[in-house]
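In the numbering used here, the protein residues as written are 46 to 720.
For glycine and all other residues, C-beta sits at the position ideal for the given N, C-alpha and C.
In this text the structure is predicted, and so the values were computed from the model without any measurement.
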């Protein structure tokens with residue numbers, strides 16, 4: 046009975062039967078101890094397990110390898126790894142089960158490197174692992190990103206006859222995928238005689254998580270042709286791939302393959318669906334899913350907070366965080382990443398500082414490098430480059446490329462070449478192979494019209510054999526995702542696309558559009574600059590969508606790089622002259638263009654330094670703080686938390702304006718467009 050209840054995962058019943066057996070006067074034997082100790086391990090009932098261990102020793106079963114192995118499982122499952130290791134070391138003749146038990150113990154405590162080391166020891170003493178041992182050690186390799194050990198184990202699998210075991214090969218596929226080696230994962234997958242849904246899911250998720258969404262969807266369609274119903278993990282991979290491409294129609298079709306209740310009752314699926322809708326710019330649907338979900342945990346809240354933030358709904362983001370606190374759900378580090386990203390997109394410096402400080406002072410959370418990166422990004426975009434630089438210096442950890450890249454981005458935005466150069470040197474030391482750092486410095490020089498320095502950087506790039514990542518945009522039409530590169534002429538409708546662009550630009554010029562050639566960062570003629578601007582990938586994607594979609598359809602474009610200033614201005618006017626809503630997700634944020642304006646409030650564009658707060662915050666009364674700002678064509682509104690009679694502000698272009706302050710906000714009338 047005890048063995049049967051344990052085999053059926055009825056661990057409480059197993060303990061009850063054991064106690065009944067003891068009450069009836071029956072003594073346990075080694076088999077009894079093996080199973081009841083397993084039940085204690087699964088229940089994490091350490092006190093009862095210790096009592097059983099004492100009885101094991103008293104009855105002389107402490108040399109039995111199976112009983113000892115169950116004790117190893119008990120101690121490791123309860124977090125007493127040192128005790129588990131001591132019991133393991135005392136086993137006179139260790140078998141594969143005892144070796145696997147201690148390996149699993151280390152894995153359970155997050156000690157994956159030690160687990161891989163134990164696997165090597167196992168082989169050295171001549172013990173042959175079973176399929177479960179291999180599955181667990183491959184998991185450790187995937188968690189470590191240890192491709193070298195994974196490849197070595199792959200070779201062992203082939204040599205030892207496990208190359209036909211579907212469970213081992215599925216783990217091998219998963220390991221290669223999580224180590225970023227999708228070619229090898231595909232080789233293993235294609236070589237499998239038998240594939241189950243878990244293996245298909247591992248490949249689909251692998252493609253999606255490694256930035257290969259088209260390959261993920263192609264494999265999903267192949268799985269559909271095999272008449273396999275997707276499981277939770279396959280669907281997560283598909284939704285992630287659709288989100289990356291902005292493929293709303295395709296994602297909605299895939300979602301229909303599962304019952305609605307599966308999404309609403311499964312937090313993993315529900316979170317993936319919220320993320321999908323948010324990344325496709327359909328934030329209303331994301332909010333609807335969030336509201337309907339049952340049993341919301343902190344992961345679900347984090348998904349909607351991040352989704353609202355990336356779509357520019359920062360106040361709604363703060364509101365959801367308030368709900369989270371109201372329901373007693375403890376926020377984690379990811380919650381604050383979402384909140385801080387919202388502050389970055391809206392330029393809310395003080396709110397960002399408040400949330401960052403509350404992590405440690407209110408919620409007892411230690412800020413990680415991701416949180417510091419958000420703060421550096423927030424301060425840098427606002428023009429507080431000195432403060433951002435000082436924050437980096439005060440960090441308890443070394444800055445990574447994301448943190449330094451945020452500071453460098455601020456240098457580009459505010460054309461601070463003096464600070465940019467040393468920051469770039471640090472970035473190159475960390476990532477000497479990354480061409481993006483050289484490109485950014487070249488762009489900073491070009492924006493400052495320092496053509497010679499820009500050319501030197503480009504020559505360095507060429508000498509090192511590096512290439513700039515080309516701009517690429519994707520647009521979905523009738524469930525099919527179309528890809529466009531900058532200057533692309535490979536599309537079957539290429540001629541019609543360029544004809545459409547030409548007619549569009551004629552309309553745009555009639556309403557005042559003039560190409561912003563400063564965004565072409567080469568020293569060439571103005572006419573050539575205008576040509577380069579017209580070939581940007583997002584413009585090609587929009588032209589294609591205008592040709593092939595209905596007048597009331599929303600156009601959704603995803604771009605791998607940041608939208609340039611000229612494209613931003615042009616698309617605002619395109620939305621006006623065509624009456625179409627255009628949503629673009631670049632590598633930084635969402636831009637929702639409607640009737641000639643953008644949801645981002647043009648915050649991403651270059652701001653006057655003083656609007657960043659350095660001069661304004663320290664002017665007049667002590668304690669004046671800048672809470673944020675926005676502007677339209679002729680006015681800049683700065684939300685302030687104090688009041689003083691007046692001040693002069695110098696804009697970057699040298700225009701001096703008089704600022705008059707009301708109770709809550711400062712209105713600066715410029716008389717002309719200053720951005």
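Beta-carbon proximity check, residue 242 vs residue 217, cutoff 9 Å: no
The alpha helix (DSSP H) spanning residue 434 covers which residue range? 430 to 439
For residue 599, does the three-state DSSP call read helix, strand or coil? coil
Does the beta-carbon distance from residue 449 to residue 394 come in below 9 Å? no
Under three-state DSSP, which class holds residue 242? helix
Taking a contact to mean a Cβ-Cβ separation below 9 Å, would you say residue 290 touches residue 262 in this structure? yes
Examine the Cβ distances between the region 489 to 500 and the region 520 to 527 and report whether three or more of them are shorter than 8 Å. no
Return the Cβ separation of residue 641 and residue 618 in integer angstroms, given the expectation that the two are a contact with Cβ distance under 8 Å. 6 Å
Assigned secondary structure, residue 625 (DSSP; H/G/I helix, E/B strand, else coil): coil
Would you give the residue range spanned by the alpha helix (DSSP H) that residue 187 belongs to? 176 to 189
List the residues that DSSP assigns as beta-bridge partners of residue 475. DSSP lists no partner for residue 475.
Hey, could you find the ends of the alpha helix (DSSP H) residue 546 is sitting in? 539 to 555
I'd like to know if the region 145 to 163 and the region 111 to 130 are in contact, where contact means that at least 3 CB-CB pairs between them fall below 8 Å. yes
Return the CA-CA distance between residue 206 and residue 155, expressed in angstroms with no decimal places. 29 Å
Tell me which residue opens and which closes the alpha helix (DSSP H) that residue 156 is part of. From DSSP, residue 156 is part of no alpha helix (DSSP H); its letter is neither H nor E.
Going along the chain, which residues of its own chain have a beta-carbon closer than 6 Å to the beta-carbon of residue 91, five neighbours each way excluded? 123
Which term fits residue 608, buried or exposed, when burial requires 16 or more other beta carbons within 10 angstroms of its beta carbon? buried
Give the range of the beta strand (DSSP E) segment to which residue 260 is assigned. Looking at the DSSP string, residue 260 is not in any beta strand (DSSP E); the run it does join, the alpha helix (DSSP H), is 258 to 270.
Limits of the unbroken beta strand (DSSP E) element including residue 637: 635 to 639
Can you give the Cα-Cα distance for residue 515 and residue 543, rounded to whole angstroms? 19 Å
Straight-line CA distance for residue 274 to residue 280? 10 Å
Assign residue 103 to one of three DSSP states: helix, strand, or coil. helix
Endpoints, the alpha helix (DSSP H) within which residue 224 is located: First-last for residue 224: undefined, no H or E at that position.
Consider the C-beta atom of residue 452 and the heavy atoms of the ligand HEM; say whether any pair is separated by less than 8 Å. No copy of the ligand HEM occurs in the structure displayed, which carries no ligand at all.
Leaving aside the five residues before and after residue 437 along the sequence, list all residues of the same chain whose C-beta is less than 8 Å from its C-beta, in chain order. 417, 421, 444, 448, 449, 452
Thinking C-alpha only, which one of 527, 89, 187, 76 is nearest residue 111? 76
Count the other CB atoms, across all protein chains shown, that sit within 10 Å of the CB of residue 504; report buried if there are 16 or more and exposed otherwise. exposed
Can you give the Cα-Cα distance for residue 139 and residue 62, rounded to whole angstroms? 30 Å
Buried or exposed (CB count within 10 angstroms, at least 16 for buried), residue 411: exposed
Below 8 Å, can you find three or more Cβ-Cβ pairs linking the region 478 to 489 to the region 538 to 557? no
Relative to the alpha-carbon of residue 209, which residue among 491, 233, 193 has its alpha-carbon at the smallest distance? 233
Reference residue 294; option with closest CA among 496, 596, 325: 325
Three-state secondary structure assigned by DSSP to residue 530: strand
Is residue 630 helix, strand or coil by DSSP? strand
Out of curiosity, what's the CA-to-CA distance linking residue 415 and residue 359? 19 Å
Taking only three categories from DSSP, how would you classify residue 52? helix
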